[in-house]
Amino acid sequence: MFKFLLIVQTIVAASLVGVILIQRSEGGGLGVGGSSSGFMTARGAADFLTRTTSILGGLFIILSILLAAYAGVTSKPVTIDTSLVKQAAPTAPGAVPATMPGVPKPATPVGNQQAPAVPLAQ
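Following this line, the structure appears as structure tokens:
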């Protein structure tokens, strides 16, 4: 159902863009001249395109609301992937696991030596 509504939404959006681009900015609609009688006069085309734009715009809004409501109702619960839990994490910050080939091990302090403290600038 969601895919069908999404396809209809896409068709309505493309039609709406096409109808808007066909219109003239002055309201002439299609730029069609000709006789003053008949369906597709300049004024008749403008009225037709204006109505079509408003109908497609309303349909686009309604479909957007329906799609949002449908997506909210049919949402699945979030699942957490636990497949990586069994792998061991490094024991110390910055430590490189021994299982990584080609990566040199960091230098370890000898005995109880600690790295010298660096005073923070204030």
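Converting from the sequence shown to our numbering requires adding 32 to each position, the first position being numbered 1. Note that CB positions come from ideal geometry on N, CA and C, so glycine has one too.
Helix, strand or coil at residue i according to DSSP, with G and I counted as helix
i: Lys108; result: coil
i: Thr84; result: helix
i: Ser47; result: helix
i: Leu116; result: coil
i: Ser96; result: helix
i: Gln55; result: coil
i: Gly66; result: Since pLDDT at Gly66 reaches only 46, below the 50 mark, its modelled position is unreliable, and the value read off the structure follows with that caveat. Correct three-state label for Gly66: coil.
When the options are compared against residue i, the one with the closest alpha-carbon
i: Gly27; options: Leu81, Leu91, Leu95 and Ala101; result: This structure gives no information on residue 27, because the portion of the chain shown stretches from 33 to 154.
i: Phe34; options: Ser47, Ser107, Ala78 and Leu116; result: Ser107
i: Thr43; options: Leu116, Ser96 and Ala103; result: It is Ile, not Thr, that sits at residue 43 in the sequence shown. Cα-wise, what sits closest to Ile43 is Ser96.
i: Thr84; options: Gln55, Val117 and Leu37; result: Gln55
Euclidean distance between Cα positions of residue i and residue j
i: Gln41; j: Leu88; result: 10 Å
i: Leu99; j: Thr111; result: 23 Å
i: Gly90; j: Thr114; result: 45 Å
i: Val105; j: Ala78; result: 41 Å
i: Ile39; j: Leu53; result: 21 Å
i: Leu48; j: Tyr102; result: 23 Å
i: Leu37; j: Phe92; result: 11 Å
i: Ala46; j: Ser86; result: 14 Å
i: Ser57; j: Pro109; result: 48 Å
Residue i at chain D interface by Cβ criterion, 8 Å
i: Leu38; result: Any reference to chain D falls outside this structure, which holds one protein chain only.
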